[in-house]
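Enquirer: Residue numbers (my numbering): 10 to 100. Cβ coordinates follow ideal geometry from the N, Cα and C atoms, glycine included. Sending over a structure as structure tokens; questions will come in a sec.
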């Protein structure tokens with residue numbers, strides 16, 4: 010997936026933050042965003058997962074069922090904005 014498609018997927022998540030599943034974020038970060046950043050890391054905890062992209066570190070708890078809470082999606086979007094993969098003004 011190239012940067013343009015990554016940005017499109019992130020915009021899609023931003024447009025509907027209530028409907029984002031943990032697996033979607035994890036897949037996007039581990040398989041597509043991570044390879045763009047040499048220091049990418051994903052630390053698995055019991056319920057929380059910490060992701061580092063560039064200089065941005067954020068956590069997302071894995072829900073037992075349903076979607077990721079909006080506040081964690083916003084943290085993800087803030088991190089993506091800081092590494093220039095998301096522009097809230099309109100990419």
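1. Taking the straight line between their C-alpha atoms, what separation do you get for residue 19 and residue 55?
2. DSSP on residue 77, reduced to helix/strand/coil?
3. Can you tell me whether DSSP reads residue 29 as helix, strand or coil?
4. Span of the beta strand (DSSP E) holding residue 55?
5. By the DSSP assignment, the alpha helix (DSSP H) with residue 71 in it spans what residues?
6. On the criterion of 16 or more Cβ atoms from any shown chain inside 10 Å, does residue 59 qualify as buried, or is it exposed?
7. Which first and last residues belong to the alpha helix (DSSP H) in which residue 10 is found?
8. Could you tell me whether the Cβ atoms of residue 76 and residue 30 are closer together than 8 Å?
9. For residue 51, which beta-bridge partners are listed by DSSP?
Expert: To lay it out plainly:
1. If you number the chain shown from 1, residue 19 lands on position 10. If you number the chain shown from 1, residue 55 lands on position 46. The alpha-carbon atoms of residue 19 and residue 55 are separated by roughly 26 Å.
2. As a position in the chain shown, residue 77 is number 68, starting the count at 1. Three-state DSSP puts residue 77 in coil, outside helix and strand.
3. By 1-based counting over the chain shown, the position of residue 29 is 20. Residue 29 falls in the coil class under three-state DSSP.
4. Mapped onto the chain shown, residue 55 falls at position 46. Premise fails: residue 55 is in no beta strand (DSSP E) and is neither H nor E.
5. Taking the chain shown and counting its residues from 1, the one referred to as residue 71 is at position 62. It is not in any alpha helix (DSSP H) - residue 71 carries neither H nor E in the DSSP assignment.
6. The residue labelled residue 59 in the question sits at position 50 within the chain shown. Label assigned to residue 59: exposed.
7. The count along the chain shown starts at 1 and reaches residue 10 at position 1. Counting along the chain, residue 10 falls outside any alpha helix (DSSP H), and DSSP gives it neither H nor E.
8. Sequence index remark: in the chain shown, residue 76 carries index 67 (1-based). Sequence index remark: in the chain shown, residue 30 carries index 21 (1-based). Closer than 8 Å, so yes.
9. Here residue 51 is taken as the residue at index 42 of the chain shown, counted from 1. Answer by DSSP bridge pairing, in chain order: 60.
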